[in-house]
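Peer 1: Residue numbers (this note's numbering), protein chains in the order written: chain A, 329 to 475; chain B, 4 to 431. The C-beta atom is built at its ideal place from N, Cα and C for all residues, glycine as well.
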């Protein structure tokens with residue numbers, strides 16, 4: 329595939345920025361020296377969701393990925409990331425979703441759990457399996473009172 | 004230089020959205036039902052194969068569906084809307100100009116990009132959307148919008164095209180038009196198609212080659228002639244880049260079950276007005292005419308009644324509360340006890356731009372105050388979810404609301420409804 333141009337709309341660039349004109353009242357006194365150094369607010373979105381179009385959230389349930397992923401963790405998945413060996417992926421095996429560490433080895437794909445009490449899934453028939461997206465972040469809350 | 008348009012159209016869009024979060028549906032017939040689970044509004048190929056048609060009532064198709072292990076969903080517009088936005092964003096980044104034609108279709112302007120190879124470019128569009136969002140699309144490319152529609156039609160049907168068809172090459176156009184029925188030409192409605200068939204025009208090619216242009220002009224007016232020209236490669240329709248404001252806003256739904264009481268009808272009207280006026284305020288308009296209507300169920304053998312009533316205001320208004328009060332007056336005029344009502348609706352028309360409203364000499368105006376109130380109301384509802392603040396006239400937990408028993412989750416728009424993945428499946 330040839331390299332194709334990417335187009336930006338001015339509107340895209342305008343909206344997500346946090347704008348703040350002055351940090352202080354405009355008064356007759358000496359202006360705050362900090363005004364020249366104003367920066368945008370930090371947003372978790374800009375850190376964790378860099379490609380909003382292809383990013384999806386899912387909730388994990390079960391023990392097979394312990395201690396990396398605990399039951400109830402929120403996973404951030406990006407469909408546009410190219411999968412590489414060793415990535416944690418959301419895949420589809422025989423029509424069911426599964427989250428495992430991905431390895432491709434010649435003719436077969438091996439999906440391995442983190443928890444030793446569980447068995448890896450070995451797939452030789454390509455038709456049974458499909459990668460849905462790559463897990464790019466795990467959000468693990470320590471206090472579960474509000475979520 | 005000739006223009007180049009691409010039409011990108013999602014394949015069975017609603018069904019594809021459902022499948023994205025439910026891969027087990029891949030090889031089963033799937034239908035998506037209209038509001039109130041009335042009839043099929045979208046179906047996948049497998050559902051078409053077992054003889055289900057678009058528009059078929061649910062009770063009629065239910066047996067067929069069950070026999071073939073099919074699944075029916077209530078429509079989940081929050082999900083479809085979110086997925087649609089993502090697709091449009093991706094497409095918008097791949098071309099300089101785009102017209103979003105509907106929730107699942109967009110026209111792209113690819114003029115001047117011929118050097119990249121149009122067929123190849125179409126395939127880039129298709130793969131990018133699938134890789135990033137997981138929805139299959141078809142792409143039709145041609146020198147006019149009508150021909151791009153034709154190209155898309157074949158891109159979907161033909162196995163050879165694999166979802167992308169470039170029809171900018173003169174020599175293929177006639178063959179493509181020969182293979183499309185006049186009913187499937189964009190811009191030709193059912194009645195126009197009937198008229199054309201009387202003239203012996205059955206395919207797109209017949210229409211393109213029909214030389215008596217005055218007859219077409221007489222029969223189908225100017226737009227019909229323009230469609231004919233577009234088939235000949237003469238550009239008549241350009242991309243519509245700015246959103247057109249609606250001239251009339253309607254909110255109308257069937258009730259979950261028959262409604263007899265007047266106060267339930269009042270609640271329903273209050274809800275429809277809230278919804279319609281929110282839409283109206285969003286596009287910065289105000290209304291001068293309010294219309295309401297009621298109808299019984301035409302498919303039942305109970306006594307039938309239909310009526311509507313409307314009133315005009317001297318000064319245009321955007322005030323939901325005022326409109327709700329006025330709708331009660333209209334309801335008093337047309338409500339008749341003893342009937343089982345199935346559907347009611349509200350229309351706001353004679354819309355004017357908010358900033359162009361003239362105050363009336365004889366009516367008292369609270370415009371500034373109510374404008375401020377309504378804008379706070381809309382802001383809160385946008386932030387916290389529809390219906391967070393509403394008029395008490397809308398009722399609390401009303402009985403008459405639409406049924407949507409088979410709705411999938413709001414996977415992409417509500418924290419509480421995210422897709423849950425069972426980590427232990429297959430490996431224990």
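Mind checking if residue 444 of chain A is an interface residue toward chain B, Cβ cutoff 8 Å exclusive?
Peer 2: Residue mapping note: residue 444 of chain A aligns to position 116 of the first chain, counting from 1. Answer no: the Cβ-Cβ gap between residue 444 of chain A and chain B never drops below 8 Å.
Peer 1: Would DSSP call residue 291 of chain B helix, strand or coil?
Peer 2: By one-based count along the second chain, residue 291 of chain B stands at place 288. Note: residue 291 of chain B maps to strand in three-state DSSP.
Peer 1: Counting only beta-carbon separations shorter than 8 Å, does residue 408 of chain A have a partner in chain B?
Peer 2: Position 80 of the first chain holds residue 408 of chain A. It does: the Cβ of residue 408 of chain A has a partner Cβ on chain B nearer than 8 Å.
Peer 1: Could you list which residues in chain A have their beta carbon closer than 8 Å to that of residue 134 of chain B, in chain order?
Peer 2: If you number the second chain from 1, residue 134 of chain B lands on position 131. The answer, in chain order, is 382, 407 and 408.
Peer 1: Kindly say whether residue 396 of chain A, judged by its beta-carbon, lies nearer than 8 Å to any beta-carbon of chain B.
Peer 2: Taking the first chain and counting its residues from 1, one reaches residue 396 of chain A at position 68. Not closer than 8 Å to any Cβ of chain B, the Cβ of residue 396 of chain A fails to qualify, so no.
Peer 1: Flag this pair as touching only if the region 231-243 of chain B and the region 137-154 of chain B have three or more C-beta atom pairs under 8 Å; answer yes or no.
Peer 2: yes
Peer 1: Drop a sphere of 10 angstroms on the beta-carbon of residue 19 of chain B, count the other beta-carbons inside from all chains shown, and report buried for 16 or more, exposed for fewer.
Peer 2: Residue mapping note: residue 19 of chain B aligns to position 16 of the second chain, counting from 1. Using a 10 angstroms sphere on the CB of residue 19 of chain B, the tally of other CB atoms reaches 16 or more, which defines it as buried.
Peer 1: Just reading off the beta strand (DSSP E) that residue 428 of chain B is part of, what are its end residues?
Peer 2: Against the second chain, residue 428 of chain B aligns to sequence position 425. Where residue 428 of chain B is concerned, there is no enclosing beta strand (DSSP E), given that its DSSP letter is neither H nor E.
Peer 1: Below 9 Å on C-beta distance, what does residue 415 of chain B contact in chain A?
Peer 2: Locating residue 415 of chain B in the second chain gives position 412, where the first residue counts as 1. Going along chain A in sequence order, the residues near residue 415 of chain B (Cβ under 9 Å) are 384 and 385.
Peer 1: Considering only their Cβ atoms, is the gap separating residue 257 of chain B from residue 295 of chain B smaller than 8 Å?
Peer 2: Start at 1 with the first residue of the second chain, and residue 295 of chain B comes out as number 292. Start at 1 with the first residue of the second chain, and residue 257 of chain B comes out as number 254. No; because the gap between Cβ atoms is not below 8 Å, this pair is not in contact.
Peer 1: Buried or exposed for residue 343 of chain A, please, with buried defined as at least 16 other CB atoms from any protein chain shown within 10 angstroms of its CB.
Peer 2: Start at 1 with the first residue of the first chain, and residue 343 of chain A comes out as number 15. Interpretation of residue 343 of chain A is limited by its pLDDT of 47, a score under 50 that renders its predicted location unreliable; the figure taken from the coordinates is listed afterwards. Burial call: exposed.
Peer 1: Decide if residue 264 of chain B is buried, meaning its Cβ has at least 16 other Cβ atoms within 10 Å, or exposed.
Peer 2: The residue you call residue 264 of chain B lines up with position 261 of the second chain. It counts as exposed.
Peer 1: Since residue 1 of chain B is in the alpha helix (DSSP H), which residue starts that stretch and which ends it?
Peer 2: This structure cannot settle anything about residue 1 of chain B, because the visible part of chain B is limited to 4 through 431.
Peer 1: Which bits of chain A does residue 29 of chain B rub up against, with CB to CB less than 8 Å?
Peer 2: Position 26 of the second chain, counted from the start, is the residue given in the question as residue 29 of chain B. Per Cβ cutoff of 8 Å: 423.
Peer 1: Please report the distance separating the alpha-carbon of residue 437 of chain A from that of residue 422 of chain A.
Peer 2: Numbered from its first residue, the first chain carries residue 437 of chain A at position 109. Numbered from its first residue, the first chain carries residue 422 of chain A at position 94. C-alpha of residue 437 of chain A to C-alpha of residue 422 of chain A: approximately 14 Å in a straight line.
Peer 1: With DSSP as the reference, please indicate the residues paired to residue 461 of chain B in a beta bridge.
Peer 2: This structure does not reach residue 461 of chain B, given that chain B is present from 4 up to 431, and the question cannot be answered.
Peer 1: Beta-carbon of residue 390 of chain A versus every beta-carbon of chain B: anything under 8 Å?
Peer 2: The residue given as residue 390 of chain A occupies position 62 in the first chain. Chain B, which has a Cβ nearer than 8 Å to the Cβ of residue 390 of chain A, makes this yes.
Peer 1: Taking 8 Å as the CB-CB cut-off, is residue 425 of chain B touching chain A?
Peer 2: Counted from its first residue, the second chain places residue 425 of chain B at position 422. Interface residue (Cβ-Cβ distance to chain A less than 8 Å): residue 425 of chain B is classified as such.
Peer 1: With three or more beta-carbon pairs closer than 8 Å as the criterion, would you say the region 85-98 of chain B touches the region 454-467 of chain A?
Peer 2: no
Peer 1: What residues from chain A crowd round residue 93 of chain B, counting only those whose CB sits closer than 7 Å?
Peer 2: As a position in the second chain, residue 93 of chain B is number 90, starting the count at 1. Per Cβ cutoff of 7 Å: 381.
Peer 1: May I ask you to report which of helix, strand or coil DSSP gives residue 453 of chain A?
Peer 2: Sequence index remark: in the first chain, residue 453 of chain A carries index 125 (1-based). Residue state, collapsed to three classes: coil.
Peer 1: Quick check: the region 96-116 of chain B against the region 176-196 of chain B, are there 3 or more CB pairs under 8 Å?
Peer 2: Touching, no.
Peer 1: Quick check: the Cα distance between residue 319 of chain B and residue 267 of chain B, rounded to an integer number of angstroms?
Peer 2: For this step, residue 319 of chain B is matched to residue 316 along the second chain. For this step, residue 267 of chain B is matched to residue 264 along the second chain. Cα to Cα, the separation comes out at about 28 Å.
Peer 1: If you reduce the DSSP assignment to three classes, tell me which class residue 351 of chain A lands in.
Peer 2: Locating residue 351 of chain A in the first chain gives position 23, counting from the first residue. Residue confidence for residue 351 of chain A is low, a pLDDT of 46 falling below 50, so the modelled location carries little weight and cannot support an answer.
Peer 1: Can a CB atom of chain E be found closer than 8 Å to the CB of residue 376 of chain A?
Peer 2: Absence of chain E from the displayed structure is noted, the protein chains being A and B.
Peer 1: For the region 247-268 of chain B, which residues have a CB atom closer than 7 Å to at least one CB atom of chain A, in sequence order?
Peer 2: none
Peer 1: Taking residue 31 of chain B as the reference, give the member of B:76, B:215, B:338 and B:58 with the closest Cα.
Peer 2: Residue 31 of chain B sits at position 28 when you count from the first residue of the second chain. Among B:76, B:215, B:338 and B:58, the Cα nearest to that of residue 31 of chain B is on B:76.
Peer 1: Rounding to the nearest angstrom, what Cα-Cα distance links residue 362 of chain A and residue 445 of chain A in this structure?
Peer 2: Taking the first residue of the first chain as position 1, residue 362 of chain A is located at position 34. Taking the first residue of the first chain as position 1, residue 445 of chain A is located at position 117. Computed Cα separation, rounded: 56 Å.
Peer 1: Please tell me whether residue 418 of chain A has its Cβ less than 8 Å away from any Cβ of chain B.
Peer 2: Here the question's residue 418 of chain A lines up with position 90 in the first chain. Yes, contact with chain B.
Peer 1: Hey, is the region 392-401 of chain B in contact with the region 272-287 of chain B, meaning 3+ C-beta pairs nearer than 8 Å?
Peer 2: yes
Peer 1: Counting along the chain, where does the alpha helix (DSSP H) carrying residue 149 of chain B start and finish?
Peer 2: For the purposes of this step, residue 149 of chain B is identified with residue 146 of the second chain, where counting begins at 1. Looking at the DSSP string, the run of the alpha helix (DSSP H) that includes residue 149 of chain B is 148-160.
Peer 1: Determine the burial state of residue 9 of chain B: buried for a count of at least 16 other Cβ atoms within 10 Å of its Cβ, exposed for fewer.
Peer 2: The sequence position of residue 9 of chain B within the second chain is 6, counting from 1. The residue is buried, with at least 16 neighbouring Cβ atoms inside 10 Å.
Peer 1: Given this structure, state the Cα-to-Cα distance separating residue 183 of chain B from residue 225 of chain B, to the nearest angstrom.
Peer 2: In the second chain, counting from the first residue as 1, residue 183 of chain B sits at position 180. In the second chain, counting from the first residue as 1, residue 225 of chain B sits at position 222. Distance between the alpha carbons of residue 183 of chain B and residue 225 of chain B: 22 Å.
Peer 1: To which residues of the same chain is residue 130 of chain B closer than 7 Å at the C-beta, ignoring the five residues directly before and after it?
Peer 2: The residue you call residue 130 of chain B lines up with position 127 of the second chain. Once the five neighbours on either side are set aside, residue 130 of chain B has no close Cβ partner at all.
Peer 1: Check whether chain B comes within 8 Å of residue 451 of chain A, counting only Cβ atoms and requiring the distance to be less than that.
Peer 2: Reading the first chain from its first residue, position 123 is the one you call residue 451 of chain A. No, residue 451 of chain A lies away from the interface with chain B (no Cβ there is under 8 Å from its Cβ).
Peer 1: Note down the Cα distance separating residue 338 of chain B from residue 36 of chain B, rounded to an integer number of angstroms.
Peer 2: Taking the first residue of the second chain as position 1, residue 338 of chain B is located at position 335. Taking the first residue of the second chain as position 1, residue 36 of chain B is located at position 33. About 30 Å.
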